[in-house]
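Chain order of the listed sequences is W and S. Position one of the first sequence corresponds to residue 8 (the numbering used here), numbered consecutively onward. Position one of the second sequence corresponds to residue 8 (the numbering used here), numbered consecutively onward. Beneath this line is the structure, given in structure tokens, with notes to follow.
Protein chains: 2
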Amino acid sequence: MKKISVFLLLASFLINVPLTLADEGMWTFDNPPLKQWKERYNFEPSAEWLEKVRLASVRLNDGGSGSFVSSEGLLITNQHVASGQLTKLSTKERDLIKNGFYAPTRADELKTADLEVNMLVSYENVTERVQSAVKAGATDKDANAQRRAAISVIEKESTDKTGLKSEVISLYNGGEYWLYRNKKFTDVRVVFAPEEQAAFFGGDYDNFTFPRHDLDITILRVYENGQPAKTPQYLKWSETGPKDEEFVIATGYPGSTARLLTVAQLAYQRDFGNPLQKQVWTSRLDALEEYSKRGTEQARQASGAIRSFNNSLKRLTGQQDGLMNPRMFAKKEAEEKALKEGLAKNSALEKELAPAWKQISDAYTELPKYANRIAFSNLSASRLGTIASSLVRYGDEIKKPNNERYPEFGDARLESFKANLLSPAPIYPEMEEFLLTAWLEEAKKTLGVNDPFIKAAIGDAEVSEVVKRAVNETKLKDIAERKALLDGGADAIAKSTDPMVTLARRVEPIIRELRAWNEEKILSVDARAGEKIAKARFAVYGRTIAPDANFNLRITFGKVKGYEEDTTLVPYKTTFFGLYDRAESFGEKPPYDLPARYKERRDRLNLSTPLNFVYSADTIGGMSGSPVINRNAEFVGINFDSNIQKLSNRYWYIEEEEGSRAVAVHSAGILEALRKLYDAENLANELTGK
Amino acid sequence: MKKISVFLLLASFLINVPLTLADEGMWTFDNPPLKQWKERYNFEPSAEWLEKVRLASVRLNDGGSGSFVSSEGLLITNQHVASGQLTKLSTKERDLIKNGFYAPTRADELKTADLEVNMLVSYENVTERVQSAVKAGATDKDANAQRRAAISVIEKESTDKTGLKSEVISLYNGGEYWLYRNKKFTDVRVVFAPEEQAAFFGGDYDNFTFPRHDLDITILRVYENGQPAKTPQYLKWSETGPKDEEFVIATGYPGSTARLLTVAQLAYQRDFGNPLQKQVWTSRLDALEEYSKRGTEQARQASGAIRSFNNSLKRLTGQQDGLMNPRMFAKKEAEEKALKEGLAKNSALEKELAPAWKQISDAYTELPKYANRIAFSNLSASRLGTIASSLVRYGDEIKKPNNERYPEFGDARLESFKANLLSPAPIYPEMEEFLLTAWLEEAKKTLGVNDPFIKAAIGDAEVSEVVKRAVNETKLKDIAERKALLDGGADAIAKSTDPMVTLARRVEPIIRELRAWNEEKILSVDARAGEKIAKARFAVYGRTIAPDANFNLRITFGKVKGYEEDTTLVPYKTTFFGLYDRAESFGEKPPYDLPARYKERRDRLNLSTPLNFVYSADTIGGMSGSPVINRNAEFVGINFDSNIQKLSNRYWYIEEEEGSRAVAVHSAGILEALRKLYDAENLANELTGK
């Protein structure tokens, strides 16, 4: 009770005026920015409006967002969000990535291997229950365990009571805790996907740029009990799409922002975290590219991951450029200084909360020593390695009481964990061997031969020998084998002689040790001190700042609008004219080549039809596939990217005036393509309710 | 003899290797970069090739370049080069700027008011004659006068002997002097001009950018004795235009580069010259914009000048950004240091030449005190003021012997001077009054009421009174009146009571005094010290560096090629698809609106036809209208702009890898537009020889 009452008390005497800028913020549905909407856009949604939009906006557990666009389960997301599933459904003979796919009838729809879709059905503030679980005088480490135990109990209670997937999430770096209950769909089928060349026209070059010309969509359908799911809360399709300067909303599951981090945490990212991340991703990308040189089929297997790492690296580079910009960094320093000064106006609070900054900076001075080990001590470059590690970890955790386990093995989350482990997605042993070898070689080079992880993984042997045997002889490629180990439980897993499982078992103690170190020295400090800083921020600014994104449902807003760049103007939209111009201007040299149908059927198109557009809402990775919605809750487009001006918005909001924009596919362009290029008249009719 | 022999001697023991980079250099025809062409592009033009291209490449004395593209005098330049003449031919009822123009038969061709076209017929090195005219021990000022006298004699001799317009030009800041003989065409008629909205689609925003979509052309025809001139040395039209990566040449009359300036001269530009220029142009632009708000007709009158000042200011901003870039400025400092070090290897030469740098930097420390006065003490914001000042100056100069006059009043140049003064171009009194008032107000604000120019111009009166009377009562609007004064000579002009003439007469002593100061303290030092630095440069690098541009014929080269920008690719060309995309993407909001025929006749076009392209040649302002030529001396496009990456190339060459590009209209796009949009079949046939 004490802690909450402090918060309530504080809320009543805000020390400073709110800081929120322009169209800033990825807001939770419990605290939508009603004031900004009303003042800036004269928009006052009803509770029904908000509920409808929330229930229509779903999370794809592969990492991305989507929305329901028909009452019979049609769900639209990006091709690049669905591409993992499309790859899993592809074979050498049937390549859904290269050639796209369309199911003219429901019987033709293709069931995905392991896609899970979540809909946020209800939520509840459990801050008091979680925070009050921490006993007076507890160390950071103990406090962490006490909070985690409380969370496990809350999640299990809810799951038992409602049957819904129940997760407690933290907002404001531990300033609040909320119980989110999700309805889960696990039978998800593919209805339509364009050729990747249409979805990703311009490739990595045009990624994070605008003007843009991508049909980056995939249309799925969720099923329940073998029938299309009833989804009465869906977004009506707007056939005209948004106009210039129109107010729009985007809803979805932004993955991660770091705007509330302290300067010390940001400096760590800049000086160590990001460069290390770059090394990790670059080495994985290099291995994939090397592998894909082996042949067409190998290139097909690797292409999705290559696209994804290219994307991540381009984004990381933009983010790091932002952090390296002294002007921007100085702004963060000034922000922190202002918060501290605001806090200093209440000396009792200052005494309680102000030490948090130093606690964090002290903790982060230790991190660089461990960061390489934490980054490289794992088998996750390989799917078989990931499966083996998950099984071994499951075996160790499942023996413990629910509230003492790693959170991902809590009772409430086990079902999703198992479904993922038993996914029928294809495994390519040649690729597995290549990537795991490359990964362990890079780890060895970085950590040295005497590193505990390297010694445990390969001992005195050659990396290639160990990996070859593990990949070739493991039976984990077989789902039944995985299931047998899962059903056999801790004992069966502990006794398995499968060489991938034994490899995972050898390295598991090292991984656990590093995780324990990280939790004790970093994460628990982050949580405890983060909670204090959150309180300071509430005290100074109230609840007028949105929490950092963490892959939970958010609502953002802005307007459709072009911008200035390099002394000229960038328009708010592109058209099919622009697609053909760009293809012709490069003489169709890849990645500017067009699928055959685009050339054959060009004259069918109304080339003035808008294809992509930009808008000023505050978005970030994870909102790929988010619906863009007008004030009538109609679907006017689908978010799929942002421009380069926006990349460093991981660390701070970038104002509209600086040209920061989200990029979407236009609802009219989608219809034009479905009808004129893909002969998908049935689908277009279902979307438009005809 | 002494000076030349030193030069020849030096050429034989070059101290360092040549510095020329990549496709650098605006070369004179006496010294084309044959070595680079052969090595980089395997291109070895014959003497005939070079002569043909030289004779086809002409200067438009309004400031720009052009080329002959038929044997019967057809000449192509940019719409923005011809727009001054198009404006002069326009009236409220017949607006050639807004609506364009096409003469289907020769009888329809419209004679321009005062356009003069020059063709470089022959040239001769007169360095020895000019330099040896300077007597031993002469002061800088006397040396200047002695050189100038020698030049007047050379020009007059040549004019008398050949009947050609003969001008001595200086290259390498006085390192060389050349006599250029030009054939002059003064009967120039308009055949075709597009609507400015097509020539300048995207307006000032898209100026200096790429991708670009402008039909920036005007086609003229030169006449002699009332008949189309015979122009056997013309460029054959290429119907396909250039391919990606193709080698191309551009020829034309680049106005001004400042790459051989010393660091002291550049620092002056950066700290004083450019900011002052910006103030002057901004104040003139502001006045024009204010005036054009008065109504449609006023806007029409002002539009050409507004476009021109916008262009100049955008360019100046880019140039100044370059100078303000410490990395680039440091490069110039390093260049100067290297040149001095190279020179130091020959101590006799060093003793003779090295003091030049200090002489220049000493001189330039004085300039800021006078710069404002020099910039503002004139009447040239008004055409009537310019005419009056020219007359008054003519009256004073014509009394002197030829070789003591200001160069622009030398016998060899008098004919062009008079033609210009008697031009029938329209004068708009309302605009004259508005602009001259604004100019004198700005001058008064900048220089103060006690400044000699201000006192002479307006005394104790109000600016508006003085200007009102001068503009309203002057008879200089009448060509016959101007001719009478010209014919009356010094005496008639001195006695004129025309209030614009008396205004000009009052300020003339101030202008002369400032000019004298500038010539003595700055220009003669520039010339004398510049000559020394040129010698130092010849000694160290030979003649492998091109001279700075000064509005004389040059030949440049490079290749057609796209580039990288902001992490994506810019293609080497655009197509008509792109034009329609950009118009649609902005909802045709000006400056992205299209002329009516572009919409009505869209379906006639092959939209894949290339419209604009970029290439890597070293160009600068003044080369607007330059032909882009392939190795077969065919016309493949017309230069009309450069991208923003190239703007600071006034001060240094910017390498191709940095994305610096010239922008041209594609020869195929021109034909497509003429045929399909403008029904100019006759013209297209003449161009293609059909």
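All C-beta atoms, glycine included, are put in the ideal place defined by N, C-alpha and C. Keep in mind the model is a prediction, meaning the values are calculated, not measured.
Query raised in the report: According to the Cβ coordinates, are S:T616 and S:E679 closer than 7 Å?
Result: Taking the first residue of the second sequence as position 1, residue 616 of chain S is located at position 609. Taking the first residue of the second sequence as position 1, residue 679 of chain S is located at position 672. For S:T616 and S:E679, yes; Cβs fall inside 7 Å.
Query raised in the report: Run through DSSP, which three-state label would W:G73 get?
Result: Along the first sequence, read from residue 1 onward, the residue named residue 73 of chain W stands at position 66. Look at W:G73 here: in three-state DSSP terms it is strand.
**Report entry** Other residues of its chain near W:L576: CB distance less than 7 Å, five sequence neighbours each side excluded
**Finding:** Against the first sequence, residue 576 of chain W aligns to sequence position 569. Excluding the 5 residues flanking it on each side, W:L576 has same chain C-beta neighbours closer than 7 Å at G569, in chain order.
Query - Residues that W:T581 contacts on chain S, provided the C-beta gap is smaller than 7 Å - result: Looking up residue 581 of chain W in the first sequence gives position 574. Contacts between W:T581 and chain S, judged by CB atoms closer than 7 Å, involve D588, S592 in chain order.
Query - W:P506 (DSSP reduced to helix, strand or coil) - result: By one-based count along the first sequence, residue 506 of chain W stands at place 499. In the structure shown, W:P506 sits in a helix (DSSP, three-state: H, G or I).
Query - Neighbour list for W:S615 in chain S, Cβ cutoff strictly below 7 Å - result: Reading the first sequence from its first residue, position 608 is the one you call residue 615 of chain W. Going along chain S in sequence order, the residues near W:S615 (Cβ under 7 Å) are E591.
Requested in this report: State the start and end residues of the unbroken beta strand (DSSP E) segment that holds W:Y260.
Outcome: Translated into positions along the first sequence, residue 260 of chain W becomes position 253. Premise fails: W:Y260 is in no beta strand (DSSP E) and is neither H nor E.
Requested in this report: Would you please verify whether the beta carbon of W:Y212 is less than 7 Å from any beta carbon of chain S?
Outcome: In the first sequence, the residue the question calls residue 212 of chain W occupies position 205. Look at W:Y212: its C-beta is under 7 Å from a C-beta on chain S.
Report task. Between the Cα of W:E46 and those of W:G585, W:P239, W:F254, W:E342, spot the shortest distance and give me the residue it belongs to. Result -> The count along the first sequence starts at 1 and reaches residue 46 of chain W at position 39. For the residues W:G585, W:P239, W:F254, W:E342, the minimum Cα distance to W:E46 belongs to W:F254.
Query - Start-to-end residues for the alpha helix (DSSP H) that takes in W:L443 - result: As a working mapping, residue 443 of chain W is identified with position 436 in the first sequence. Unbroken alpha helix (DSSP H) run through W:L443: 436 to 454.
Query raised in the report: Secondary structure at S:Y275, three-state DSSP: helix, strand or coil?
Result: For the purposes of this step, residue 275 of chain S is taken as the residue at position 268 of the second sequence. Correct three-state label for S:Y275: helix.
**Report entry** Best match in S:F75, S:K452, S:L117 for proximity to S:V60 [C-alpha to C-alpha]
**Finding:** In the second sequence, the residue the question calls residue 60 of chain S occupies position 53. The option with the nearest alpha carbon to S:V60 is S:F75.
Query raised in the report: When you compare only the Cα positions, how much space is there between W:K451 and W:A669?
Result: Here residue 451 of chain W corresponds to residue number 444 of the first sequence, with the count starting at 1. Here residue 669 of chain W corresponds to residue number 662 of the first sequence, with the count starting at 1. Going from the Cα of W:K451 to the Cα of W:A669 covers about 40 Å.
**Report entry** Exposed unless 16 or more other CB atoms sit within 10 angstroms - verdict on S:V456
**Finding:** Stepping through the second sequence from its first residue, residue 456 of chain S is reached at position 449. Result: exposed.
Report task. Flag this pair as touching only if the stretch 210 to 227 of chain S and the stretch 535 to 546 of chain S have three or more C-beta atom pairs under 8 Å; answer yes or no. Result -> no
**Report entry** Contacts around S:R101, its chain only, beta-carbon distance under 7 Å, and the 5 residues preceding and following it disregarded
**Finding:** Locating residue 101 of chain S in the second sequence gives position 94, where the first residue counts as 1. Excluding positions up to five away in sequence, the list is empty.
Report task. Compile a chain-ordered list of the residues in the stretch 643 to 667 of chain W whose CB is closer than 8 Å to at least one CB of chain S. Result -> I651
Report task. Write down the C-beta distance between S:D221 and S:S531 rounded to the nearest angstrom, noting that I regard them as a contact closer than 8 Å. Result -> The residue labelled residue 221 of chain S in the question sits at position 214 within the second sequence. The residue labelled residue 531 of chain S in the question sits at position 524 within the second sequence. Incorrect: roughly 43 Å between the Cβ atoms, too far for contact.
Query raised in the report: Does DSSP classify S:A546 as helix, strand or coil?
Result: Here residue 546 of chain S is taken as the residue at index 539 of the second sequence, counted from 1. Helix, per DSSP.
Requested in this report: Tell me whether W:G233 sits in a helix, a strand or coil according to DSSP, three-state version.
Outcome: Here residue 233 of chain W corresponds to residue number 226 of the first sequence, with the count starting at 1. It is coil, neither helix nor strand.
Query raised in the report: In the DSSP assignment, what residue or residues form a beta bridge with S:T575?
Result: The sequence position of residue 575 of chain S within the second sequence is 568, counting from 1. S:T575 is bridged to S:E572.
Query raised in the report: Nearest chain W C-beta to S:D30 closer than 7 Å, yes or no?
Result: Sequence index remark: in the second sequence, residue 30 of chain S carries index 23 (1-based). No, its Cβ sits nowhere closer than 7 Å to a Cβ of chain W.
Query raised in the report: For W:N479, which of W:L268, W:E437, W:L356 has the nearest alpha-carbon?
Result: For this step, residue 479 of chain W is matched to residue 472 along the first sequence. Of the listed residues, the one whose Cα sits closest to W:N479 is W:E437.
Query raised in the report: Taking all protein chains shown into account, do 16 or more other C-beta atoms lie within 10 angstroms of the C-beta of S:T303, making it buried, or fewer, making it exposed?
Result: Position 296 of the second sequence, counted from the start, is the residue given in the question as residue 303 of chain S. S:T303 should be labelled exposed.
Query raised in the report: Considering only C-alpha positions, which residue in the set S:S649, S:S623, S:L127, S:D115 is nearest to S:G632?
Result: As a working mapping, residue 632 of chain S is identified with position 625 in the second sequence. The shortest Cα separation from S:G632 among S:S649, S:S623, S:L127, S:D115 belongs to S:S649.
Query raised in the report: What's the gap between the Cα of S:L521 and the Cα of S:A378?
Result: Numbered from its first residue, the second sequence carries residue 521 of chain S at position 514. Numbered from its first residue, the second sequence carries residue 378 of chain S at position 371. Between S:L521 and S:A378, the alpha-carbon positions lie close to 10 Å from each other.
Query raised in the report: In three-state terms, what does DSSP make of S:V670?
Result: Here residue 670 of chain S refers to the residue found at position 663 of the second sequence. Correct three-state label for S:V670: strand.
Report task. Express the C-alpha separation of S:N692 and W:K683 in angstroms, rounding to a whole number. Result -> Residue numbering aside, residue 683 of chain W sits at position 676 when the first sequence is read from its first letter. Residue numbering aside, residue 692 of chain S sits at position 685 when the second sequence is read from its first letter. Using only the alpha carbons, I get a separation of about 39 Å.
**Report entry** Buried or exposed (CB count within 10 angstroms, at least 16 for buried), W:K539
**Finding:** Stepping through the first sequence from its first residue, residue 539 of chain W is reached at position 532. Flag for W:K539 reads buried.
Query raised in the report: On the three-state DSSP scale, how would you describe W:F647?
Result: As a working mapping, residue 647 of chain W is identified with position 640 in the first sequence. It is a strand residue.
Requested in this report: Entirely within the stretch 460 to 514 of chain W and at least 4 residues each: give me those alpha helix (DSSP H) ranges in chain order.
Outcome: 470 to 480, 486 to 502
Query - Beta-carbon gap between S:M630 and S:G349 smaller than 7 Å - result: Looking up residue 630 of chain S in the second sequence gives position 623. Looking up residue 349 of chain S in the second sequence gives position 342. Taking 7 Å as the Cβ cut-off, S:M630 and S:G349 do not qualify as a contacting pair.
Query - Residue-level contact to chain S via CB, W:L684, 7 Å cutoff - result: Mapped onto the first sequence, residue 684 of chain W falls at position 677. Chain S contact via Cβ: absent.
**Report entry** Assigned secondary structure, S:R113 (DSSP; H/G/I helix, E/B strand, else coil)
**Finding:** In the second sequence, residue 113 of chain S corresponds to position 106, counting from 1. Three-state result, S:R113: helix.
Requested in this report: Would you check if the stretch 381 to 399 of chain W and the stretch 176 to 193 of chain W touch, i.e. whether three or more CB-CB distances between them fall below 8 Å?
Outcome: no
Query raised in the report: What residues in its chain sit with their C-beta under 7 Å from that of S:L447, if we drop five residues either side in the sequence?
Result: What you label residue 447 of chain S is simply residue 440 of the second sequence in a count that begins at 1. Result list for S:L447: A464, I465, V470, V474, in chain order.
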